[in-house]
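**Student:** Each protein sequence line maps, in turn, to chains A and B.
As numbered in my numbering, residues 265 to 570 make up the first sequence, in order.
As numbered in my numbering, residues 550 to 646 make up the second sequence, in order.
C-beta atoms are modelled at their ideal positions from N, C-alpha and C, and glycine is treated no differently.
Computed from a predicted model, the values in this text were never measured in an experiment.
Take a look at this one; I'll ask things after.
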Amino acid sequence: TDTFNYAIYHTLEEIYGFIDMLVAEYPQLVSKLQIGNTYEGRPIYVLKFSTGGDNRPAIWIDTGIHSREWVTQASGVWFAKKIAQDYGQDAALTSILDSMDIFLEIVTNPDGFAFTLSKNRLWRKTRSITAGSLCVGVDPNRNWDAGFGLAGASSSPCSQTYYGKFANSEVEVKSIVDFVKNHGNIKAFISIHSYSQLLLYPYGYTTESAADQAELDQLAESAVKALSSLYGTHFKYGSIIDTIYQASGSSIDWAYNQGIKYSYTFELRDTGSYGFLLPASQIVPTAQETWLALQTIMEYTLNHLY
Amino acid sequence: KEDFVGHQVLRISVADEAQVQKVTELEELEHLQLDFWRGPAQTGSPIDVRVPFASLQAVKVFLETHGIEYTIMIEDVQSLLDEEQEQMFAFQARAAS
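What follows is the structure, encoded as structure tokens:
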């Protein structure tokens, strides 16, 4: 993985091949878990970074739940290599991994991602078939059991924000829900999207403030400051509903309601006018700056276990 | 494979809540096949929407009629996609050799 090209976009097969290489190169630290199969039968893989212990407090990071947001899967690949190579080198990361595990799901919507590579680069949703509709797919970030079906998502199967027949109807979502519930000791849940340079925390489905709003806001401020320190990329931060719009059924609202206090959504670059079609030349800078914010959140979680 | 020739991405700047509402009305017109890359949010944050070629005229007339400002963020979506594809395949070709 030292010669893997992190500065271009890769296919699903290339990313899965990278994952296997990383596991082979760092067998003491990295393992590959399969948490389920997608609607179309593809395996859903999660990388586990662990230095031992049993069911340690852990951090969950996912990228690519919206398949067209390619810079997020590409950043996930970069994060995976960064974690593996920095353990034992970087003091901050080493102290995190000496006490906690990190779970990283790089391709969180494999069917959708495969579809962006083969048929429609701008596909966002899953690829499940909705009986009675010509339209395909559910928005996997409106399908979680937190304010499910409320305002901030659509009941129309043809909409980009269709929430699905019922909460967790999408196996890509249900697999994470089951994994997180079975693990029972996840302390931070970070879901990475693009674009519009935001760091968001609960809630999206209600104007009610999260019980830990002040702390989440303060940590978001620190994380955004760390991110901006590298290339000056400007991020805004705040609760989903205050910062962008009402969005129901989102993953971090569900995680927060599960008691996972440090639940955040990133919206990464584009800083210019490319949107989801961010040039590959910006993958590494985007991943590098985001990593500084992730480290801030992970270190804070380590120092404020609950 | 879905073709995006002639599709444009418009960056809409809404001045107030009334204009956000107007743009939200557009979102409901399914026949326009609009794809909101950044949906109507708080005033002050831009709205980015991909507009298929067939709907471009209607959408631009609608925005101009309601005095809603926009710029063309992406002139032709397909040309950006072609660049991206070329780069990916160039790498794969090198990797194969």
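Would you please verify whether the beta carbon of A/Gln424 is less than 9 Å from any beta carbon of chain B?
**Tutor:** Yes - at least one Cβ of chain B is within 9 Å of the one on A/Gln424.
**Student:** What's the C-alpha gap between A/Pro466 and A/Ile504?
**Tutor:** Approximately 6 Å between the Cα atoms of the pair.
**Student:** Below 9 Å between beta carbons: does that hold for A/Ala322 and A/Asn449?
**Tutor:** Cβ atoms of A/Ala322 and A/Asn449: closer than 9 Å.
**Student:** Pair every Cβ in the region 506-514 of chain A with every Cβ in the region 455-472 of chain A, then say whether three or more of these pairs are closer than 8 Å.
**Tutor:** With a cut-off of 8 Å, the region 455-472 of chain A and the region 506-514 of chain A count as touching, because enough Cβ pairs lie within range.
**Student:** Measure the alpha-carbon distance for A/Pro307 versus A/Ile347 and round it to whole angstroms.
**Tutor:** Straight-line Cα distance between these residues: approximately 23 Å.
**Student:** What in chain C is Cβ-close to A/Lys489, meaning under 8 Å?
**Tutor:** Within the model displayed, chain C is absent; protein chains A and B are what it includes.
**Student:** Taking only runs that begin and end inside the region 314-363 of chain A, name each unbroken beta strand (DSSP E) of 3 or more residues, in chain order.
**Tutor:** Counting only runs of 3 or more, we get 322-327.
**Student:** What residues are listed by DSSP as bridge partners for A/Lys383?
**Tutor:** Answer is none; A/Lys383 lacks a bridge partner.
**Student:** Alpha helix (DSSP H) containing A/Lys525: first to last residue?
**Tutor:** Taken as a continuous stretch (DSSP letters only), A/Lys525 belongs to no alpha helix (DSSP H), as it is neither H nor E.
**Student:** Mind listing, in chain order, the continuous alpha helix (DSSP H) runs of no fewer than 4 residues lying wholly within the region 411-473 of chain A?
**Tutor:** You should have 435-447.
**Student:** Is B/Thr620 helix, strand or coil when you go by DSSP?
**Tutor:** It is a strand residue.
**Student:** Closer than 7 Å by C-beta to A/Tyr495: which residues in its own chain qualify, once you throw out the five before and the five after it? Chain order, please.
**Tutor:** Closer than 7 Å at Cβ, skipping near neighbours: Pro549 and Glu553.
**Student:** Reducing DSSP to helix, strand and coil, say where A/Asn407 ends up.
**Tutor:** Coil.
**Student:** Taking Cβ positions only, does A/Leu386 come closer than 9 Å to chain B?
**Tutor:** True, the Cβ-Cβ gap to chain B drops below 9 Å.
**Student:** Against chain B, with Cβ distances strictly below 9 Å, would A/Leu357 count as a contact?
**Tutor:** Chain B, which has no Cβ nearer than 9 Å to the Cβ of A/Leu357, makes this no.
**Student:** Run through the DSSP bridge pairs and tell me what B/Val558 is partnered with.
**Tutor:** Beta-bridge pairing links B/Val558 to B/Arg599 and B/Ile623.
**Student:** Tell me, which residues are paired with A/Tyr501 by DSSP?
**Tutor:** Beta-bridge pairing links A/Tyr501 to A/Leu463.
**Student:** Out of curiosity, what's the CA-to-CA distance linking A/Ser423 and A/Val335?
**Tutor:** Distance between the alpha carbons of A/Ser423 and A/Val335: 23 Å.
**Student:** For A/Ser460, go through chain B and note every residue whose CB falls closer than 8 Å to its CB, in chain order.
**Tutor:** The contacting residues are Arg587 and Ser594.
**Student:** Give me the subset of the region 609-620 of chain B whose CB atoms are less than 7 Å from a CB atom of chain A, sorted by chain position.
**Tutor:** Listed by position, the residues of the region 609-620 of chain B near chain A (Cβ gap below 7 Å) amount to none.
**Student:** From A/Glu563 to A/Ile360, what does the alpha carbon distance come to, in whole angstroms?
**Tutor:** Approximately 7 Å between the Cα atoms of the pair.
**Student:** Counting only Cβ pairs nearer than 8 Å, list the residues of chain A close to B/Glu574.
**Tutor:** By Cβ distance, chain A contributes nothing, its closest Cβ being about 15 Å from B/Glu574, past 8 Å.
**Student:** In or out: A/His498 buried (at least 16 other Cβ within 10 Å) or exposed?
**Tutor:** Result: exposed.
**Student:** Would you list the one or two residues that DSSP bridges to A/Asp365?
**Tutor:** A/Ala322, per the DSSP bridge assignment.
**Student:** Per the contact definition of three or more C-beta pairs closer than 8 Å, is the region 555-564 of chain B in contact with the region 611-619 of chain B?
**Tutor:** Output reads yes: the region 555-564 of chain B touches the region 611-619 of chain B.
**Student:** Determine the burial state of A/Asn567: buried for a count of at least 16 other Cβ atoms within 10 Å of its Cβ, exposed for fewer.
**Tutor:** Label assigned to A/Asn567: exposed.
**Student:** Residues bridged to A/Tyr309 by DSSP?
**Tutor:** DSSP lists A/Gln298 as partners of A/Tyr309.
**Student:** Using CA atoms only, rank isn't needed, just tell me which of A/Ser397, A/Lys445, A/Leu542 and A/Phe379 is closest to A/Asn521.
**Tutor:** The shortest C-alpha separation from A/Asn521 is found at A/Lys445.
**Student:** Can you find at least 3 beta carbon pairs, one from the region 585-597 of chain B and one from the region 627-641 of chain B, that sit closer than 8 Å?
**Tutor:** The answer is no - the region 627-641 of chain B does not touch the region 585-597 of chain B, with fewer than three Cβ pairs under 8 Å.
**Student:** Within 9 Å (strictly less), CB to CB, does A/Gly539 reach chain B?
**Tutor:** Yes, its Cβ sits closer than 9 Å to a Cβ of chain B.
**Student:** Is A/Asp534 helix, strand or coil by DSSP?
**Tutor:** If DSSP states are grouped into helix, strand and coil, A/Asp534 belongs with coil.
**Student:** Since B/Phe585 is in the beta strand (DSSP E), which residue starts that stretch and which ends it?
**Tutor:** Element bounds for B/Phe585: Asp584 to Arg587.
**Student:** What does a CB cutoff of less than 7 Å around A/Leu491 pick up in its chain, not counting 5 residues either side in sequence?
**Tutor:** Counting only Cβ-Cβ distances below 7 Å, and skipping sequence neighbours, we find Thr497, Phe499, Glu553, Thr554, Leu556 and Ala557.
**Student:** Identify the contact partners of A/Ala557 in chain B, using a Cβ-Cβ distance below 9 Å as the criterion.
**Tutor:** Near A/Ala557 there are no residues of chain B at all, since even the closest Cβ is about 20 Å away, more than 9 Å.
**Student:** Taking only three categories from DSSP, how would you classify A/Ile393?
**Tutor:** If DSSP states are grouped into helix, strand and coil, A/Ile393 belongs with the strands.
**Student:** Grab me the residues of A/Trp518's own chain with a C-beta within less than 7 Å of its C-beta, minus the 5 sequence neighbours each way, in chain order.
**Tutor:** Trp408, Asp409 and Ala410, listed in sequence order.
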